[in-house]
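Colleague: Next up is a structure, given as structure tokens.
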Amino acid sequence: MTVSDRWLLPDGVEDILPPLAGQIESLRRNIMDVCQHWGYQLVIPPLIEYLESLFTGTGHDLELQTFKLTDQLTGRMMGVRADMTPQAARIDAHTLAEEGITRLCYVGHVLHTRPRHMLTGRTPIQAGCELFGSSSESADMEIISLALEALSVAGLPAIHMDLAHVAIYQHLIADAGFDRETEAAVFDAMGRKSLPELNILLGDEAANSAGGRLRRLAAVSGGRKALDQARDIVQGASVELDAALDQLGRVADTLSQQFPGIRLGFDFCELRGYNYHTGLVFAAYVPGHGDAVAKGGRYDAIGSDFGRSRPATGFSLDIRALVALGSSTVPTQGAIWAPVNPDPTLAVAIAELRRSDTVIRALPEDHNCDPGARGCDRQLVKYQGQWIVEKLG
């Protein structure tokens, strides 16, 4: 290995340097403050767990995204977390095991074997909130509203939110009675919104059959008109489908009232997290960025694998992505430069200033240093026996 090889980082992994690191930390604090002001308690799950816990209820996608290693103490397989949602579900179901409503929030690095998007790395800083113990529509609204509040802290422009309901696809695909191979092909084509493939797979299905309704729904997306089109397509299919569409309509009405600046849409091909989501799901987008900046929804069954099934809903986002896309900034106030001076009153003045400000005390090697290059815009000078702060000349 050459010297130059020693400082190379893996693809998709990078150092976070000033001032970006400060911006990320500032946004992290602000988002966590918002979550805690809504009553969500912070939890700090471990970076690694046994695979059985990490993959509970999440399906094959998360397994492919997880780095795996062998525990040298037990010989069991462990994984570096790729998503903190299953960890929060484990904490609620087993560690806390409380009755009633539990609100948890979290933030930390996750690690992915491959970047989820061409513009993202493999070490996102994931933040999120999970609400356990309520199957009500009010809980869904709380989570969506909190997600939008967190995005507003980041200063994101022109947020567009897509709403969907996985029960629509679940009921139609079950009623269609396809074999496993066809079902997998339909799922893949729906997720990619590939209408030509769906026409090949489902072209022989009658318009009002389950397969025909799936094919027609795949072509439907957009604003309130799309919801009306979906109602026409599934009319008379089942009470469950009508209820799912009714819920989407009510949630959209409430969001329009509470967040009039948000553009709402409906996407009936939204199948991310299909393996564990059970109801209403959502994803938020901003112009010029194809990946969701926040996503979440209901996942009522995930806790059952930990021995305690609880209704649950939540959301997650990537703080690094929000900093890149948003307009929130760290305050630009510079630091105060303190000279090399053994005067004990200088140490007292520095300690007092550091309670509310940033003070950099010069070291002997700093005699030729430019304080401005160190981020300072003020300096401590002694005037009539007192140390005072003045602007750098």
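Under the working numbering, the residues of the sequence shown are numbered 621 to 1013, in order.
Glycine included, C-beta positions come from ideal geometry on N, C-alpha and C.
Here the structure is a predicted model, which is why all the values come from computation and not from measurement.
Among Gly992, Asn988, Thr965 and Gly899, which has the Cα closest to the Cα of isoleucine 1008?
Modeller: The residue with the shortest Cα to Cα distance from isoleucine 1008 is Thr965.
Colleague: Beta-carbon separation of valine 913 and leucine 937 under 8 angstroms?
Modeller: The answer is yes: Cβ separation under 8 angstroms.
Colleague: Should methionine 704 and leucine 671 be called a contact, given that it needs their Cβ atoms to be closer than 8 angstroms?
Modeller: No. Outside cutoff.
Colleague: Please state whether the Cβ-Cβ distance between arginine 930 and glycine 753 is less than 8 angstroms.
Modeller: Yes.
Colleague: Under DSSP, the alpha helix (DSSP H) around alanine 830 begins and ends at which residues?
Modeller: Residues 830-837.
Colleague: Check whether the Cβ atoms of proline 735 and valine 906 lie closer than 8 angstroms to each other.
Modeller: The answer is no: Cβ separation not under 8 angstroms.
Colleague: Can you grab the Cα-Cα spacing for the pair proline 706 / proline 666, in whole Å?
Modeller: In a straight line, the C-alpha of proline 706 is about 12 angstroms away from that of proline 666.
Colleague: Can you name the start and end residues of the beta strand (DSSP E) that serine 936 belongs to?
Modeller: Looking at the DSSP string, the run of the beta strand (DSSP E) that includes serine 936 is 932-938.
Colleague: Do the segment 954-961 and the segment 979-992 touch if we need at least three Cβ pairs shorter than 8 angstroms?
Modeller: In short, these stretches touch, since the Cβ pair count reaches three.
Colleague: With DSSP as the reference, label glutamine 953 as helix, strand or coil.
Modeller: It is coil, neither helix nor strand.
Colleague: Return the CA-CA distance between glycine 832 and alanine 850, expressed in angstroms with no decimal places.
Modeller: For glycine 832 and alanine 850, the distance between alpha carbons rounds to 13 angstroms.
Colleague: Under a three-way DSSP split, which group does methionine 698 fall into?
Modeller: Methionine 698 falls in the strand class under three-state DSSP.
Colleague: Using DSSP's beta-bridge definition, name the partner residues of glutamate 719.
Modeller: Answer is none; glutamate 719 lacks a bridge partner.
Colleague: Note the first and the last residue of the continuous alpha helix (DSSP H) segment covering lysine 845.
Modeller: Unbroken alpha helix (DSSP H) run through lysine 845: 844-854.
Colleague: How big is the Cα-Cα spacing for phenylalanine 902 and glycine 695?
Modeller: Approximately 39 angstroms between the Cα atoms of the pair.
Colleague: Which residue marks the beginning of the beta strand (DSSP E) containing glutamate 1010, and which one marks its end?
Modeller: Here the beta strand (DSSP E) through glutamate 1010 covers 1006-1011.
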